[in-house]
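In what follows, a single structure is set out as structure tokens and then discussed.
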Amino acid sequence: MRYLSRAMLGLAVAGLFSTGAKAQEVVENNQKDFNEFMDRSGDMYRTASGKPGPEYWQNETDYKIEATLNDEDHTIKGQIELTYTNNSPQELEFIWMHLEQNRFTEDSRGTLTTPIQGNRYNGDIDGGYTISHLEAKVKRSSSSDYLITDTRMQVFFEDPIPANGGEATVSMNFEYKIPVDGMDRMGRLDVEDGTIYALAQWFPRAAVFDDVEGWNIEPYLGAGEFYLDYGDYDFKITAPASHIVVSSGELQNPRQVLSSTVRERMDRASKSDSTVYLIKPEEVNDMSLRAKQEGTLTWHFKMENTRDVAFGSSKAFIWDAAKIDLPGGKKAMAQSAYPKESDGQGAWSRSTEYSKASVEHYSEKWFPYPYPVAVNVAADIGGMEYPGLNFCSWKSEGASLWGVTDHEFGHNWFPMIVGTNERRYAWMDEGFNTFINYYSTLDFNDGEYPARLNKTRNMTGWFTSEQREGIDTYPDVSNLRNLGMIAYYKPAIGLLLLREYILGEERFDNAFKSYIETWAYKHPQPADFFNHMENVSGENLSWFFSKWFYGTGNIDLGIDGVRQYQDNYIISVANRGEIPMPVKMEISYQDGSSENVTLPVEIWQRGDSWNYLHRTDKSIENVELDPDKILPDVNAGNDTWPKSFYED
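According to mature numbering (1 follows the signal peptide of the UniProt record, and there is no 0), the stretch in the sequence shown is residues -23 to -1, 1 to 625, in order.
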């Protein structure tokens, strides 16, 4: 603070309180818009710089599963043993588990809270788990005590799980009917050559206990997705011998489940940049290409440090594959499994090409892909992601198939690598993924398909709609018509604005990649993201984060006028919206030249208008704000001077 002498201070105070002093009107500023908008202070678990703290912890769940798929009665029967490691600083007398198959019952909370018509999250009502032979062990103590409430199960232990690394095991048998309509996330599809089974949420899974919420036990209603801990999976799927099973993870017993011909083709595919058929269209249901001609086969898979696994199974699959090149010389394999109805060069015959390109792009630009396979399965599902495996619509083709394939594989970075809570913060995976999809689409075949995220002004109708909701609205309670905007497009546009308009590519990419690397295989909260981006980019972004991610206001920058001032010009700009932004303008001169000027966002701290002194010896012809049209400015009519470019 600048030093004031005692005499000067006395004069100032006297002037303020003098009876002869003229009353002054208090001028308000916008400082509050730039202040911290939420508690983002750090602690021992999460630092104020957006990194895990020195005592950060998260729990771990390892799974061993054996399951049998019966294609006559469409059921899954299995046994599971999980090992739960309690790394928290407190003992746990119980754990919570998710039973998502219980959503498919007539009286489930999800069934009763889902609108009757026009909702993708309607599902079958003749399913649900049968749980038996449960045993929960801590050291030598054993309990069979559990309580099921809708889609959640509370498992009790006779002795608590010790803190700071204590372990417990839980084993049980489970059974359920596979739904036809699995709320656009799983299910079964009948095609000419058989039934395609898309299996996800297919076994009881442990809920997350973390340092922020304790147990995260929101019920599975439909729109809200998942939040899971990391662990190692060892699982065996027994299916009819006629089936091909594709899965998350790495196949452990190819010699037992694949014919020599298919194994030879797979070896060739592992070295090929172009797609290689493992099962050709004319070979579907050719039992000579199966390891057995009757009975069943047991497919054994393993996957390490993952939060989930899923699989597809069918005798109707065309199956193809190609090599994925990863940073550091590492390799993975792209695979696609689809029925003859989806075949065609304009359709699923390009699926593996799309999968390979998508994974290679994200690996090079953001963070290396960690899984051994990237599998795309055609199913009666619009698009749904799991670690290393997608379910995408069997009807998709062309740009639609590229878009859904690329989007679902992008989810391997958000939330599979960066393990956020999808059920609560859908925008942290759907929005971030939609953002990175924009750049992968620009990159694919030098823009073979259009990338439209930057066409933000096409979305101003929603931004001004009275029915709009905030990004932080729970997915399960948001208006379904708003979900695409609040979970996908608005947060994606927010990151686009940070990269293309506010921070610039270099600063944004440095911060965003640091966020991914720092929180890989961990559980960041929104504050961790905000803090990390600010600290690495070196910018106070509270004014943007608060308004964009936690409000429903709009951007409306405008030009109030341009006038000569001495030998220069004064350009008057105004912020008529609720969200302050830096002002970028292109100034064109009568001699045909032009220049770009950027005014920092801090001009709006003083108020909603600003006079900019532009020093030039040229005559101004016109001025345009946001010449690249990146901002979703809701009133383009006031973005130019003179008002000849647009009309209100």
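Glycine is no exception: its CB is placed at the ideal position from the N, C-alpha and C atoms.
Own chain partners of residue i with C-beta closer than 7 Å, once the 5 adjacent residues on each side are dropped
i: G105; result: Q78, N79, F81, T82 and Y153
i: I597; result: V539, Y546, I564 and Y566
i: N456; result: Q444 and E446
i: A(-1); result: Annotation note: pLDDT 41 at A(-1) (below 50); position unreliable, no value reported.
i: G171; result: S291, K292 and A293
i: Q582; result: N6, N7, Q8 and F11
i: Q229; result: H277, F278 and K279
i: P501; result: V395 and T397
i: T593; result: N545 and Y546
i: E483; result: none
i: R(-18); result: Because the pLDDT of R(-18) is 40, which lies under 50, any placement of that residue in the model is unreliable, and the number read from its coordinates should be weighed accordingly. So no residue of the chain qualifies.
Opening and closing residue of the alpha helix (DSSP H) in which residue i lies
i: S237; result: S237 to A246
i: T382; result: G375 to G387
i: S565; result: No alpha helix (DSSP H) contains S565, which is instead part of the beta strand (DSSP E) from V560 to Y566.
i: H509; result: P503 to S514
i: N410; result: E407 to D420
i: A488; result: E482 to W496
i: Q312; result: From DSSP, Q312 is part of no alpha helix (DSSP H) but of the beta strand (DSSP E) over K308 to Y315.
i: residue 638; result: The question about residue 638 has no answer, for the chain in this structure spans -23 to 625.
i: E330; result: S328 to K342
i: T38; result: Per DSSP, T38 belongs to no alpha helix (DSSP H); it is in the beta strand (DSSP E), E37 to N47.
i: L472; result: K467 to L474
i: R86; result: R86 to T90
Same chain, Cβ closer than 8 Å to residue i, neighbours up to 5 away in sequence not counted
i: S491; result: H509 and V513
i: T441; result: N531 and V611
i: D616; result: L534, G535, I536, E601, L602, D603, D610, F622 and Y623
i: Q270; result: A218 and M264
i: K595; result: Y566, Q567, D568 and S570
i: K308; result: S247, K300, I301 and D302
i: K620; result: G614
Cβ pair residue i, residue j closer than 9 Å
i: I29; j: W496; result: In the sequence as displayed, the identity of residue 29 is Pro instead of Ile. Result yes, Cβ atoms of P29 and W496 sit closer than 9 Å.
i: E555; j: N517; result: no
i: V222; j: S290; result: yes
i: S85; j: I57; result: no
i: P468; j: I448; result: yes
i: P139; j: M74; result: no
i: L419; j: I470; result: no
i: D285; j: F186; result: no
i: T273; j: A216; result: yes
i: V574; j: M558; result: no
i: A299; j: E341; result: no
i: I607; j: L472; result: no
i: N262; j: A314; result: no
i: E169; j: R400; result: no
i: residue 642; j: P304; result: Absent from the model: residue 642. The displayed extent of the chain is -23 to 625, so no value can be given.
i: Y415; j: H338; result: no
i: H220; j: L46; result: yes
i: A145; j: Y61; result: yes
i: P427; j: A376; result: yes
i: R162; j: F368; result: yes
Rounded Cβ spacing between residue i and residue j (contact assumed at less than 8 Å)
i: W371; j: E318; result: 6 Å
i: N398; j: N193; result: 6 Å
i: residue 628; j: N64; result: The chain is shown only over -23 to 625; residue 628 falls outside these bounds and no answer can be derived.
i: A183; j: D206; result: 6 Å
i: I173; j: P31; result: Not a contact, Cβ separation roughly 49 Å.
i: V253; j: R245; result: 5 Å
i: G55; j: E43; result: 6 Å
Neighbourhood of residue i by C-beta distance below 6 Å, restricted to the same chain and skipping five residues each side
i: F409; result: F391
i: residue 628; result: Residue 628 lies beyond the range of the chain shown here (-23 to 625); nothing can be said about it.
i: W276; result: I214, V222 and V234
i: E553; result: The identity of residue 553 in the sequence shown is Arg, whereas the question assumes Glu. Correct list, in chain order: D533 and G535.
i: A113; result: S120, V132, F134 and V147
i: F421; result: A334
i: M393; result: P364
Limits of the beta strand (DSSP E) - the one that residue i falls within
i: A355; result: V350 to A356
i: S119; result: S118 to S120
i: V234; result: Careful: V234 lies outside any beta strand (DSSP E), inside the alpha helix (DSSP H) at P231 to V234.
i: F11; result: No beta strand (DSSP E) holds F11; DSSP gives it neither H nor E.
i: G438; result: Taken as a continuous stretch (DSSP letters only), G438 belongs to no beta strand (DSSP E), being part of the alpha helix (DSSP H) at T437 to F440.
Taking 8 Å as the cut-off, does the region 135 to 155 touch the region 42 to 61 (at least 3 CB pairs, one atom from each stretch)?
yes
Determine, using beta-carbon pairs with one atom in the region 290 to 300 and one in the region 254 to 274, whether at least three such pairs fall under 8 Å.
yes
Below 8 Å, how does it come out for the region 333 to 353 and the region 200 to 214: are there three or more Cβ pairs, yes or no?
no
Decide if the region 230 to 241 is in contact with the region 106 to 113; the criterion is three or more beta carbon pairs, one per stretch, under 8 Å apart.
no
Are at least three pairs of beta-carbons, each pair with one atom in the region 350 to 370 and one in the region 458 to 475, less than 8 Å apart?
no
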